[in-house]
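Residue numbers (my numbering), protein chains in the order written: chain Y, 24 to 318; chain V, 112 to 397. Glycine residues also receive a C-beta, built at the ideal position from the N, C-alpha and C atoms.
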Amino acid sequence: MILHLLANTDPAAPPTFWEGDAMSVLGVWASVGFTLALYTFLYKDNAVFKFAEHVYVGVTNGWLLWQAWFASVKPDLVYPLGRLIGHDVLRRPQALEEGDTWWLLVPAVFATFMLLRFIPKASWLSRWSFAFIVGTTAGTQLPLQVQAFLFRQMGAMLDSPIKHGEDGGFLFMGTLSAILLFIGVISVLAYFVFAVEHKGAVRPVARTGVVFLMIAFGAHFGYTVMGRESLLIERVQFLIGSSMAKGAENEPNPHHATVWLLIAVVAAVVVLEVLRVKREASAKVEAEAAKGPQA
Amino acid sequence: MTDELRKNATRWAIFATVAVVVVVSLLIGGVSDFKATPVVMKVYDTIEKMPAGTPLLISADFDPGSEAELEPMLRAILAQCWRKKLRVVVMSICSVNSPPLAGRILKESAAAHGAVYGTDFVQFGYRAGGSAPILALGQDWFAVYPKDLNDTPSRELPVMKGITKLTDFPLCLEISAVSTIDYWILAGNAKYGLKLALGVTAVMATDYYQYLATGQVVGIIGGIAGASQYESLTRRDDLKRASESGKDGGLASSRMPTQSAIHVAVVLLILIGNILYFMGRRKAKA
């Protein structure tokens, strides 16, 4: 909020310190520093990582609160209600805008009820809000859930396995896929039927189900690893100052920051680790010394 | 300290190997050119068939944690949209984090291709409530979004000409890292019959393949690999513009050689680990 107040609101005016080059450089150095500090976790949980983690959680929550207020609550609830009060209650020459309606009081009241959980005597009112959410969700979504996630999926599985293309030609891969889908669904379901012992004819079907499950888990795991690698590559692209990772045209290149901050972060981790080892050793000596006379 | 070193040596060696592979591979550089799979091609072809001036809805539902995977595909799709002269409408139902991130990408991409805000594209803000805003958009767009992110009345924007509700869009592209896709399938497709295409993180890709068979989704771009395939399609059809726009034509493709290098390193590490394990077991038996 302080940043918002300090930010320049007049587009014709020259950029303030918070919008200028100094802030941009500071932003890049902070990004590099915190990225490197968070990666020190690969060595082990340490004080530098802890510092970066706490700052990250604090800043994230502050940013989310700021965004929720200025980008959602204020323009969608506070301003329209303010205009309505000015126009309808105070009878001022206040122009109303599209979407301004007194019905906004309903979500405003329910949202206030939710916050009443912090006041023990009035916390029961929050149940009204939750009841409203659960009721509307069940009412609007249950029929759609059954239609979209159950009937449509069952329909695709029970459809003819022989597939044809748009030109009417036979589709080999489409047909093979439909047959595999049918076998997969039946065999996996057979594996999860625990009322019948997996013996005799059920056993090979259930074993086939396990194969399908393993292939599915493997594909899922492979994609997950790939996703994590992508995040690492993006960060390293940023750290080495690749033109592909560069944001705005005038954004400074971070590779100088990377070199200096890598040295600083490694030095900080080493010093703090040495201090920790020394502290633990002296604590051990003290504990043994304290134990000595008793023995 | 020595015990700690012995205990963690293998783990640290793996991290160090991956780090060296990533840095060296990125410094060497290079751009991959993968052949697009049919599921990616379907998204591309659906947009490609749209005549100029067709409105395209993009729901940008991601946050900083998934930007690395989803930014390249959004850029590649936008580059195609600008070339096709489509009208791009961007919105978000994921979190308040999404509009600033999507806005930056939109602004940079539009500037590189000469697209004009209000005429060629528009961005609307975040709307909370999961499927509720989608259901409401299906009835009246302007009741949910009376104004855009710049506080301009939506009805006054040339880009919104002829659009009054969700079904006025022939296609919705959901670029997402969270379960907002389910809301679009439920409320957008099942309720209003809206045609959907997905751009998802690699982790989520396998969860949504079953919707292709039912036709609930026309195509899926999965992770950086999918984005790289999409970029190769964009480059194929618009070589000059892709090379001019840099990031829009090759952000994912510049990352794929490194991804492949990591895969090779991981396979080698697995092989080395297994060889050492069996050697150790044989030694113990002897």
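Partners in chain Y for Glu180/V, counting only beta-carbon separations shorter than 7 Å: Those are Gly250, Ser253, listed as they occur along chain Y.
Interfacial residues, the region 109-142 of chain Y to chain V, with Cβ spacing under 9 Å: Taken in chain order, the members of the region 109-142 of chain Y whose beta-carbon sits within less than 9 Å of a beta-carbon on chain V are Glu120, Glu121, Gly122, Asp123.
CA-to-CA distance, Gly241/V to Leu309/V, given in whole angstroms: Taking the straight line joining both Cα atoms gives about 17 Å.
Proximity of Ala213/V and Val201/V at Cβ, strictly below 7 Å: Their beta carbons are under 7 Å apart, which means Ala213/V touches Val201/V by this criterion.
Enclosing alpha helix (DSSP H) for Tyr237/V [first to last residue]: According to the DSSP assignment, Tyr237/V belongs to no alpha helix (DSSP H) but to the beta strand (DSSP E) extending over 232-237.
Runs of alpha helix (DSSP H) wholly within the region 269-317 of chain Y (minimum 4 residues, chain order): Correct list: 278-317.
Any C-beta of chain V under 7 Å from that of Tyr246/Y: Output row for Tyr246/Y: interface = yes.
Residues bridged to Leu307/V (per DSSP): Partner(s): Cys283/V.
Arg230/Y - containing alpha helix (DSSP H), residue span: Note, Arg230/Y: alpha helix (DSSP H), 225-262.
Cβ of Arg302/Y within 7 Å of any chain V Cβ: Not one chain V Cβ lies under 7 Å of Arg302/Y.
The region 231-252 of chain V: positions lying closer than 9 Å to chain Y by Cβ: Answer set for the region 231-252 of chain V: Gly236, Tyr237, Arg238, Ala239, Gly241, Ser242, Ala243, Leu246.
Helix, strand or coil at Gly191/Y according to DSSP, with G and I counted as helix: If DSSP states are grouped into helix, strand and coil, Gly191/Y belongs with coil.
Cβ distance (whole Å) where Ala401/V is taken to contact Leu167/Y below 8 Å: Outside the shown range of chain V (112 to 397) lies residue 401/V, about which nothing can therefore be said.
Cβ-Cβ distance between Val225/Y and Val219/Y below 7 Å: Yes, the Cβ-Cβ distance between Val225/Y and Val219/Y is below 7 Å.
Same chain, Cβ closer than 8 Å to Asp251/V, neighbours up to 5 away in sequence not counted: The answer, listed in chain order, is Thr275, Lys276.
Cβ-Cβ distance between Leu260/V and Gly236/V below 7 Å: In this structure, Gly236/V lies closer than 7 Å to Leu260/V by Cβ.
Boundaries (first-last residue) of the beta strand (DSSP E) holding Asp69/V: Within the shown structure, residues of chain V are numbered from 112 to 397, placing residue 69/V beyond reach of any answer.
Reference Thr325/V; option with closest CA among Ala91/Y, Leu204/Y, Thr160/Y: Cα-wise, what sits closest to Thr325/V is Leu204/Y.
Beta carbon proximity, Pro257/V to chain Y, threshold 7 Å: Taking Cβ atoms only, chain Y reaches closer than 7 Å to Pro257/V, which makes this a yes.
For Asn276/Y, the nearest candidate out of Val132/Y, Tyr102/Y, Gly264/Y (CA to CA): For the options Val132/Y, Tyr102/Y, Gly264/Y, the alpha carbon positioned closest to that of Asn276/Y is the one of Gly264/Y.
Every unbroken alpha helix (DSSP H) inside the region 150-196 of chain Y [4 residues or more]: Those alpha helix (DSSP H) runs which fall completely within the region 150-196 of chain Y and span 4+ residues are 175-181.
Three-state secondary structure (DSSP) of Gly140/V: Here Gly140/V carries a coil assignment [DSSP, helix/strand/coil].
Candidates Leu262/Y, Val248/Y, Val294/Y, Val308/Y, of which the one nearest Trp283/Y by Cα: Ranking the options by Cα distance to Trp283/Y, first place goes to Leu262/Y.
Any C-beta of chain V under 7 Å from that of Val80/Y: It does not: the Cβ of Val80/Y has no partner Cβ on chain V nearer than 7 Å.
Candidates Asp99/Y, Ala134/Y, Arg114/Y: closest to Gly122/Y by CA position: Of Asp99/Y, Ala134/Y, Arg114/Y, the residue nearest in Cα terms is Asp99/Y.
CA-to-CA distance, Gln370/V to Ala313/Y, given in whole angstroms: Each residue's alpha carbon lies about 56 Å from the other.
Under 9 Å from the C-beta of Phe173/V: neighbouring residues of chain Y: Result: empty, since nearest Cβ-Cβ is about 12 Å, beyond 9 Å.
Straight-line gap, Arg302/Y to Glu311/Y (C-alpha atoms, nearest Å): Straight-line Cα distance between these residues: approximately 14 Å.
Check whether Pro244/V and Ile296/V have beta carbons under 7 Å apart: No, they are not a contact pair.
Beta-ladder partner(s) of Ser210/Y, from DSSP: Answer is none; Ser210/Y lacks a bridge partner.
Ala376/V vs Val134/V beta-carbon contact at 7 Å: No, they are not a contact pair.
CB contact check: Arg117/V to chain Y, cutoff 7 Å: Not closer than 7 Å to any Cβ of chain Y, the Cβ of Arg117/V fails to qualify, so no.
Three-way DSSP call (helix, strand, coil) for Glu355/V in this model: The predicted position of Glu355/V is uncertain, since its pLDDT is 44 and thus under 50; no value can be drawn from it.
Chain-order list of residues whose beta-carbon lies under 8 Å from that of Ala91/Y (same chain, five-residue window excluded): For Ala91/Y, where only same-chain residues beyond five positions count, there are no Cβ hits under 8 Å.
N-terminal and C-terminal residue of the beta strand (DSSP E) that Val200/V is part of: Note, Val200/V: beta strand (DSSP E), 198-203.
Separation of His224/V from Lys218/V, as counted between CA atoms: Between the alpha carbons of Lys218/V and His224/V lies a gap of roughly 10 Å.
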